[in-house]
Amino acid sequence: MSEVVTAPPAVKLPPAARMPRLLQGLLFAISRRRMIQRLARRHGNVFTVDIPIYGRVVVVGDWRLAKQVFTTSPEELGNIQPNLSRLFGSGSVFALDGDDHRRRRRLLAPPFHGRSMKNYEAIIEEETLRETAGWPEGTPFPTLPSMMHITLNAILRAVFGAEGAELDELRRLIPPWVTLGSRLAALPNPKRTYGRFSPWGRLAEWRRQYDRVLDKLIDAERADPDFAERTDVLALMLRSTYEDGTAMSRKDIGDELLTLLAAGHETTASTLGWAFERLSRHPDVLAALVEEADTGGAAELRQAAILEVQRARTVIDFAARRVYSPVYQLGEWAIPQGDSIIISIAQIHNDAGVFPDPERFDPRRYIDGKPSSFAWIPFGGGTRRCVGAAFANMEMDVVLRTVLRHFTIETTAEPGERWHNRGVAFTPKDGGRVVVRRR
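With the working numbering applied, the sequence shown covers 82 to 520.
In structure tokens:
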């Protein structure tokens, strides 16, 4: 009896953007939000673009289709491996796929959950008080630089567990590396660096300096008589093993820590900058948050405000997958192997069917229950959801609580700040400017 072979469905792609490929790539790099919004108005919530780095891409702004993508097995939809993974290195969780990705996530999860998280709260509060001690009173200033300092210092201390010359060196190296790397992530990756004074050459040199510092820190940790009791992330990584008993290589540890240091502080800081921008323009929400912080009890509204900032001012606006199966059936569409799918997080976060009156900033929409985990997706979804999501939300909660208890934030009737594209993350254009007075 002959075996029946079922042919894959015929390719059927959503409507495509009608503009030259290079123009699509340019717009995606410098004006991604506006480009996606315009194409969605013209073609609906699923359409096709063709851009450098990614190639042909199906853009999805429907949370139900996003759910399908996020719950599809990694054998059918895998890592797209954009420039972000190349920037951090082949050992970064961004670069891994399939079983390697699953094993690495399992290894990374413990430092960002449970008791380990409690150890970091005091660090974050201490860094917030240290940074805000220099805030000016009665004059407008951008909060974003302070948030960058707080989140970088907090993640450095959480990762390495100490102060010292090496951490001072990382404070010097990481910010310019993140700023330049974020911009280059939106551009095609060249085959060579074009010399040490080119943007790619500077990134490579900063990486070499970072690796030298990390070698010193690893040697110091291993030489610590209390190494077995240390709770910092580096010590946990050095002690951890995979299911087969093998340990992470030093290179992989370097790639992974760079991922945590870079991605883990810029996105959280950007969201906090937006939080101050939003709260200063919503006096009723701000007053309720101050009252809640002063009581020292439950943080229900503050948690809701964090959720709403992440929805209304989405810092990372898309998640991506590559089609591995011969043809992937997504709703009514059939997407061929090698094409990519981008989940437009910003479009889904503005779906009026899920978030009524989406332009309104309203944390109370979460008081009676959270939305679907596939409609509220600032950390992505599925097997590639951000492993540090719980840490980031805890960090934002501690920073906001500390600031609200020590400062009065003046409200303003000025229009909201415009979006600024840093390459990967979106920040408030004026840095989340506020006027504060000490309480």
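Built from N, CA and C at the ideal position, the CB exists for glycine as well.
If you check the beta carbons only, do residue i and residue j fall under 8 Å apart?
{"i": "Thr-340", "j": "Val-174", "result": "yes"}
{"i": "Ile-299", "j": "Leu-317", "result": "no"}
{"i": "Ile-161", "j": "Ser-421", "result": "yes"}
{"i": "Trp-205", "j": "Ala-246", "result": "Strictly speaking, residue 205 in this sequence is Ile, with Trp absent from that position. Not a contact, by the Cβ cut-off of 8 Å."}
{"i": "Arg-196", "j": "Val-468", "result": "no"}
{"i": "Val-150", "j": "Ile-429", "result": "no"}
{"i": "Gln-290", "j": "Leu-254", "result": "yes"}
{"i": "Met-477", "j": "Ile-397", "result": "no"}
{"i": "Leu-225", "j": "Pro-256", "result": "no"}
{"i": "Gly-504", "j": "Ala-266", "result": "yes"}
{"i": "Ala-239", "j": "Phe-455", "result": "no"}
{"i": "Thr-464", "j": "Ser-361", "result": "no"}
{"i": "Gly-179", "j": "Pro-155", "result": "yes"}
{"i": "Gln-391", "j": "Thr-352", "result": "yes"}
{"i": "Thr-129", "j": "Ala-91", "result": "no"}
{"i": "Thr-209", "j": "Val-408", "result": "no"}
{"i": "Pro-95", "j": "Val-127", "result": "yes"}
{"i": "Trp-500", "j": "Arg-114", "result": "yes"}
{"i": "Ala-393", "j": "Phe-357", "result": "no"}
{"i": "Arg-518", "j": "Ala-374", "result": "no"}
{"i": "Arg-514", "j": "Gly-159", "result": "no"}
{"i": "Val-259", "j": "Ala-343", "result": "yes"}
{"i": "Ala-471", "j": "Met-228", "result": "no"}
{"i": "Glu-389", "j": "Pro-444", "result": "yes"}
Would you call residue i buried or exposed, if buried means 16 or more other Cβ atoms sit within 10 Å of its Cβ?
{"i": "Tyr-65", "result": "Given a span of 82 to 520 for the chain in the structure shown, any question on residue 65 remains unanswerable."}
{"i": "Phe-436", "result": "buried"}
{"i": "Pro-459", "result": "buried"}
{"i": "Ile-426", "result": "buried"}
{"i": "Asp-307", "result": "exposed"}
{"i": "Thr-395", "result": "buried"}
{"i": "Gly-512", "result": "buried"}
{"i": "Asp-313", "result": "buried"}
{"i": "Val-140", "result": "buried"}
{"i": "Leu-120", "result": "buried"}
{"i": "Ala-473", "result": "buried"}
{"i": "Leu-237", "result": "buried"}
{"i": "Ala-203", "result": "exposed"}
{"i": "Gly-215", "result": "exposed"}
{"i": "Pro-217", "result": "exposed"}
{"i": "Tyr-323", "result": "exposed"}
{"i": "Ile-231", "result": "buried"}
{"i": "Thr-213", "result": "buried"}
{"i": "Ser-171", "result": "exposed"}
{"i": "Glu-498", "result": "buried"}
{"i": "Gly-412", "result": "exposed"}
{"i": "Phe-169", "result": "buried"}
{"i": "Pro-223", "result": "buried"}
{"i": "Ile-334", "result": "buried"}
{"i": "Phe-507", "result": "buried"}
List the endpoints of the continuous beta strand (DSSP E) containing residue i.
{"i": "Ser-227", "result": "Looking at the DSSP string, Ser-227 is not in any beta strand (DSSP E); the run it does join, the alpha helix (DSSP H), is 225-241."}
{"i": "Asn-160", "result": "Asn-160 -> no beta strand (DSSP E), and no H or E assigned at all."}
{"i": "Ala-400", "result": "399-404"}
{"i": "Leu-411", "result": "408-411"}
{"i": "Arg-518", "result": "517-519"}
Going by the DSSP bridge assignment, what does residue i pair with across the sheet?
{"i": "Val-174", "result": "DSSP output for Val-174 lists no bridge partner at all."}
{"i": "Val-141", "result": "Val-127 and Ile-424"}
{"i": "Arg-514", "result": "Pro-223"}
{"i": "Ala-97", "result": "Thr-129"}
{"i": "Arg-354", "result": "According to the sequence displayed, residue 354 carries Gly and not Arg. None; Gly-354 has no bridge partner."}
{"i": "Gly-335", "result": "Partner(s): none; Gly-335 has no beta bridge."}
{"i": "Gly-136", "result": "Ile-132"}
For residue i, report the span of its alpha helix (DSSP H) as first-last.
{"i": "Thr-129", "result": "Premise fails: Thr-129 lies in the beta strand (DSSP E), 127-132, not in any alpha helix (DSSP H)."}
{"i": "Val-371", "result": "364-376"}
{"i": "Arg-186", "result": "179-189"}
{"i": "Met-198", "result": "196-213"}
{"i": "Arg-394", "result": "First-last for Arg-394: undefined, no H or E at that position."}
{"i": "Phe-193", "result": "Here Phe-193 belongs to no alpha helix (DSSP H), and DSSP marks it neither H nor E."}
{"i": "Ala-110", "result": "102-111"}
Quick one: which unbroken alpha helix (DSSP H) runs of 4-plus residues sit fully inside the region 415-456? Chain order, please.
-> 426-430
In chain order, each alpha helix (DSSP H) run of at least 4 residues that lies wholly inside the region 449-508 = 470-487
Please go through the region 254-327 and give each complete alpha helix (DSSP H) segment of 4 or more residues, from N-terminal end onward.
-> 280-304 and 314-320
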